[in-house]
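> Sending over a structure as structure tokens; questions will come in a sec.
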């Protein structure tokens, strides 16, 4: 009888131990590890959101790794990434592949309006650039536009706006958005093409230093100038305004989905605003006094 009792007790304890282990290992939005792949152009805002999430959930550890936009998408489709940052629109075939491989609906989590901007050295006489100049220049063997590389978000987005394939465009390369700005003075006849988030943080000394080195050119479309400022991004009238969004390969509400939801909350959107970008989900609140 005693032996039977001991067996029952051992069995119950074993079940409890297994359940505890399962509970410890079960994924959650408020603890665990996550790596986010982002193009260098939006690294700053992604890191700021990751820092905000880890402050709110101290048991989470989020690493932001830079990878060219198209390569990050391939990793997501191949199950090597849980969440990536995108700016270009996916093709119909890419959406189909995403839904087939992840068994999820394509529901991009939009969180910010950023922009591709055209810059020249501070002492350049050039004051603006037209859509016609951009279109013609991107097909010229002179390669007057400098991008941060192939497969990058900046090149992809410009190609999309011009209704061209990236492989059909002509351009020069200096690896890295910051390096383009830092080295542009050596090429006075060239035009740098960088992501706004590279130097958009209004009170950041490194961003301020980069801003002092170049002049951002307004884009002329149909006779009107548009600047990549808050108004140009908010109205999306600036022709190269782009919406940043997260795309995940996670079916449950674990850390990847928790992070994406946080980024779209009021707190996450305030972080986006502090980065000098246009929040996607925060609207001006009007309070009426009676």
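Numbering (this note's numbering), first residue to last: 11 to 300. Positions of the beta carbon are idealized from the N, C-alpha and C atoms, including for glycine.
#1: Apart from the five residues just before and just after residue 188, which ones in its own chain have a Cβ nearer than 7 Å to its Cβ?
#2: How long is the line joining the alpha carbons of residue 287 and residue 236, rounded to whole angstroms?
#3: Pick helix, strand or coil for residue 44, following the three-state DSSP scheme.
#4: Using the beta-carbon count (16 or more within 10 Å), is residue 119 buried or exposed?
#5: Is residue 94 helix, strand or coil when you go by DSSP?
#6: Distance, Cα to Cα, residue 265 vs residue 127?
#7: Residue 70 lies in the beta strand (DSSP E); which residues open and close that run?
#8: Cβ atoms of residue 139 and residue 198: under 9 Å apart, would you say?
#9: Looking at residue 52: is its Cβ nearer than 9 Å to the Cβ of residue 205?
#10: Quickly, what does DSSP pair residue 234 with across the bridge? List them, please.
#11: With a floor of 3 residues, list each beta strand (DSSP E) that falls wholly inside the region 136 to 181, ordered by position along the chain.
#12: Under DSSP, the alpha helix (DSSP H) around residue 272 begins and ends at which residues?
#13: In chain order, what residues of the same chain lie with their CB nearer than 6 Å to the CB of residue 223, ignoring the 5 residues before and after it?
#14: Is residue 89 buried or exposed, if buried means 16 or more other CB atoms sit within 10 Å of its CB?
Once the coordinates are examined:
#1: For the purposes of this step, residue 188 is taken as the residue at position 178 of the chain shown. Excluding residues within five positions, the ones whose Cβ falls inside 7 Å are 208, 220.
#2: The count along the chain shown starts at 1 and reaches residue 287 at position 277. The count along the chain shown starts at 1 and reaches residue 236 at position 226. The straight-line gap from Cα to Cα measures roughly 16 Å.
#3: Start at 1 with the first residue of the chain shown, and residue 44 comes out as number 34. Residue 44 sits in a strand when the DSSP states are folded into three classes.
#4: Against the chain shown, residue 119 aligns to sequence position 109. When all chains shown are included, residue 119 counts as buried.
#5: Within the chain shown, the letter at position 84 stands for residue 94. Looking at residue 94 - three-state DSSP - the assignment turns out to be strand.
#6: The sequence position of residue 265 within the chain shown is 255, counting from 1. The sequence position of residue 127 within the chain shown is 117, counting from 1. For residue 265 and residue 127, the gap between their C-alpha atoms comes out near 33 Å.
#7: Counted from its first residue, the chain shown places residue 70 at position 60. Where residue 70 is concerned, the enclosing beta strand (DSSP E) stretches over 69 to 76.
#8: Taking the first residue of the chain shown as position 1, residue 198 is located at position 188. Taking the first residue of the chain shown as position 1, residue 139 is located at position 129. Going by C-beta atoms, residue 198 is not nearer than 9 Å to residue 139.
#9: One-based indexing of the chain shown puts residue 52 at position 42. One-based indexing of the chain shown puts residue 205 at position 195. Against a cut-off of 9 Å, the Cβ pair of residue 205 and residue 52 comes out as a contact.
#10: On the chain shown, residue 234 is found 224 positions in, with the first residue counted as 1. Beta-bridge pairing links residue 234 to 231.
#11: 155 to 157
#12: Translated into positions along the chain shown, residue 272 becomes position 262. That run of the alpha helix (DSSP H) goes 265 to 274.
#13: On the chain shown, residue 223 is found 213 positions in, with the first residue counted as 1. In the same chain as residue 223, and ignoring 5 residues on each side of it, the C-beta atoms closer than 6 Å to its own belong to 191, in chain order.
#14: Residue mapping note: residue 89 aligns to position 79 of the chain shown, counting from 1. When all chains shown are included, residue 89 counts as exposed.
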